[in-house]
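Each residue of the sequence shown is one higher than the last, beginning at 76 in this note's numbering.
The C-beta atom is built at its ideal place from N, Cα and C for all residues, glycine as well.
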Amino acid sequence: MTDMFTIAVPSKGRLQENAAKFFARAGLNVVQGRGARDYRGSIAGMKGVEIAFLSASEIVSQLAAGTAHMGITGEDLIRESLDNADAAVELLTPLGFGHANVVVAVPQAWIDVRTMADLEDVAASFRARRGMRMRVATKYVNLTRRFFAENGVTDYRIVESLGATEGAPAAGQAELIVDITTTGATLAANALKVLDDGVMLRSEANLVASMSADWNDATRETARIILSRIAAEEEARTTREVRALIGGRKSELAREAAEKFSARAITGVLHEGPLSLVCPTNQSAPLADWLIAQGADHVTVGTLDYIFGARNALFEKLAGRIG
76 MTDMFTIAVP SKGRLQENAA KFFARAGLNV VQGRGARDYR GSIAGMKGVE
126 IAFLSASEIV SQLAAGTAHM GITGEDLIRE SLDNADAAVE LLTPLGFGHA
176 NVVVAVPQAW IDVRTMADLE DVAASFRARR GMRMRVATKY VNLTRRFFAE
226 NGVTDYRIVE SLGATEGAPA AGQAELIVDI TTTGATLAAN ALKVLDDGVM
276 LRSEANLVAS MSADWNDATR ETARIILSRI AAEEEARTTR EVRALIGGRK
326 SELAREAAEK FSARAITGVL HEGPLSLVCP TNQSAPLADW LIAQGADHVT
376 VGTLDYIFGA RNALFEKLAG RIG
């Protein structure tokens with residue numbers, strides 16, 4: 076047993092930059108001790124936390140083995156690499172970057188093929204005419220097998236792709252592909268189209284917790300502190316503070332604002348001064364308009380850095396799994 080808490084993050088590129096920004100927003104500044112070539116780091120001012128800079132595949136394997144308590148990686152890699160991902164890890168929260176869809180794409184020339192049901196018909200026809208199974212080029216072998224089985228497509232064989240998967244049909248290496256895409260531009264450039272029901276997974280980077288890591292009292296407490304800061308920043312980023320100069324019936328207005336705009340009062344209900352509410356960002360303007368209609372003289376809408384609460388939904392999610 077060890078009290079050291081390990082977080083695995085991408086070792087290079089845009090994902091590493093975004094991971095560092097994600098932690099920094101929560102006041103958790105990642106320090107790479109000896110510079111970019113150092114594969115171990117820390118969080119400034121926080122003892123007992125080690126940052127491991129790893130490749131995407133290594134992050135998944137470390138989480139599965141329990142040698143990292145948490146990690147940042149794409150859901151596509153989790154679902155592809157782990158047979159029973161939901162038992163091995165807990166996806167705590169999506170992070171808003173690293174977006175990519177895992178899709179089934181076929182040649183645009185297949186004008187009558189729009190759905191997975193059409194694909195099963197094509198597979199049967201292909202086998203009857205050529206005496207061989209339709210080939211699917213992909214790096215996502217396990218995701219492909221599960222998705223095709225769920226959709227009743229059985230007459231095919233997988234060609235594991237080692238290079239640019241989208242070029243496989245044009246090169247005669249496969250009839251169709253399963254690959255990741257962000258905009259679809261690369262698929263279109265290779266005369267491919269995504270089936271109407273061919274989005275297998277809408278993936279993005281997630282903060283992921285290992286279920287087999289050493290969750291002793293010390294590492295649980297470290298997780299609670301880290302997740303408290305992340306949750307406080309996430310709530311502040313997705314909400315706005317609405318302050319109104321309004322006299323009388325503040326308690327009544329606060330109750331109505333809660334019902335109409337999912338708002339909650341911070342100050343001013345029982346005291347002199349402005350009524351201060353927090354609400355989801357997309358409700359801030361409607362709430363401000365409503366408060367003016369209720370007699371407010373002046374309403375301001377502002378951002379907050381952090382909103383800490385007695386409840387920590389992220390840690391409760393983790394604690395519910397690790398006991």
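- CA-to-CA distance, Leu379 to Val460, given in whole angstroms: The question about residue 460 has no answer, for the chain in this structure spans 76 to 398.
ask   = Can you tell which of Thr77, Leu389 and Phe222 has its C-alpha closest to the C-alpha of Leu282?
value = Leu389
_Can you tell me whether Glu169 is helix, strand or coil according to DSSP?_
The identity of residue 169 in the sequence shown is Pro, whereas the question assumes Glu. Pro169: strand per DSSP, three-state reduction.
Between Thr190 and the rest of its own chain, which residues show a CB-CB distance below 7 angstroms, the 5 nearest in sequence each way excluded? Leu270, Asp271 and Asp272
Residues sharing a beta bridge with Phe128, DSSP:
Val84
Original post:
Buried or exposed: where does Asp254 fall if 16 or more other Cβ atoms within 10 Å of its Cβ makes it buried?
Top reply: buried
Other residues of its chain near Val353: CB distance less than 8 angstroms, five sequence neighbours each side excluded: Thr314, Arg315, Glu316, Val317, Ala338, Arg339, Ile341, Leu379 and Ile382
| message | As a quick exercise: from Gly108, Glu155 and Tyr114, pick the residue whose alpha carbon is nearest that of Ser278. | response | Glu155
Mapping DSSP to helix, strand and coil, what is Val317?
-> strand
Worksheet item: Taking the runs of the alpha helix (DSSP H) that are 4 residues or longer, which of them lie wholly in the segment 233-293?
Response: 260-264
* **Unbroken alpha helix (DSSP H) run spanning Ile382, endpoints** => Per DSSP, Ile382 belongs to no alpha helix (DSSP H) and is neither H nor E.
Name the DSSP beta bridge partners of Glu373, please?
Glu is not the amino acid found at residue 373; the sequence shown has His there. Paired residue(s): Leu320.
Burial state of Ser326, where buried means 16 or more other Cβ atoms lie within 10 Å = exposed
Restricting to Cα atoms, I'd like to know which of Ala249, Asn226 and Ala119 is closest to Ser236. Ala249
Between the alpha carbons of Ala95 and Val234, how many angstroms are there, rounded?
36 angstroms
Rounded to whole angstroms, what is the Cα-Cα separation between Gly395 and Leu167? 11 angstroms
Open item on the list: On the criterion of 16 or more Cβ atoms from any shown chain inside 10 Å, does Glu150 qualify as buried, or is it exposed?
Closed with: buried
- Task: Taking 7 angstroms as the cut-off, decide whether the C-beta atoms of Leu157 and Ala139 are in contact.
- Result: yes
Check: How would you call Thr257, buried or exposed, if buried means at least 16 neighbouring beta carbons within 10 angstroms?
Finding: exposed
Check your understanding: Okay, do the segment 133-148 and the segment 285-297 touch, 3+ Cβ pairs below 8 angstroms being the bar?
Key -> yes
Rounded separation between His373 and Glu331 - CA only: 18 angstroms
Assuming Val124 and Ile82 make a contact with CB atoms under 8 angstroms, what is their CB distance in whole Å?
7 angstroms
Out of Ala260, Val179 and Leu276, which one is the CA nearest neighbour of Val228? Val179
Report task. Quick one: residues in its chain with C-beta nearer than 6 angstroms to the C-beta of Gly377, no 5 flanking neighbours on either side, listed in chain order? Result -> Glu316
| request: Run through the segment 172-238 for me and flag every whole beta strand (DSSP E) of 3 or more residues, listed as ranges in chain order. | output: 175-182, 209-213 and 231-235
query: Ordered along the chain, which non-local residues of its own chain (more than five positions away) have a Cβ less than 6 angstroms from that of Ser359?
result: Arg315, Val317 and Val376
| task | For Ala131, I'd like the list of residues in its chain whose CB is within less than 8 angstroms of its CB, leaving aside the five on either flank, ordered along the chain. | result | Pro85, Leu90, Thr148, Gly149 and Leu152
If I'm right that Leu366 touches Ala298 with Cβ under 8 angstroms, what's the distance once you round it to whole angstroms? In fact, because the Cβ distance is near 39 angstroms, the residues do not count as touching under 8 angstroms.
field: Ala119 in three-state terms, based on DSSP
entry: coil
Handout entry: Residue closest to Leu194, alpha-carbon to alpha-carbon, out of Gly171, Ala224, Pro169 and Leu362
Key = Ala224
Taking Glu133 as the reference, give the member of Ala306, Tyr114, Ile118 and Ala119 with the closest Cα. Tyr114
key: Segments of 4+ residues assigned as alpha helix (DSSP H) that fall wholly inside the segment 333-362   = none
Exercise. Just curious, the beta strand (DSSP E) that Gly146 is in, first and last residue?
Worked result: Met145 to Gly149
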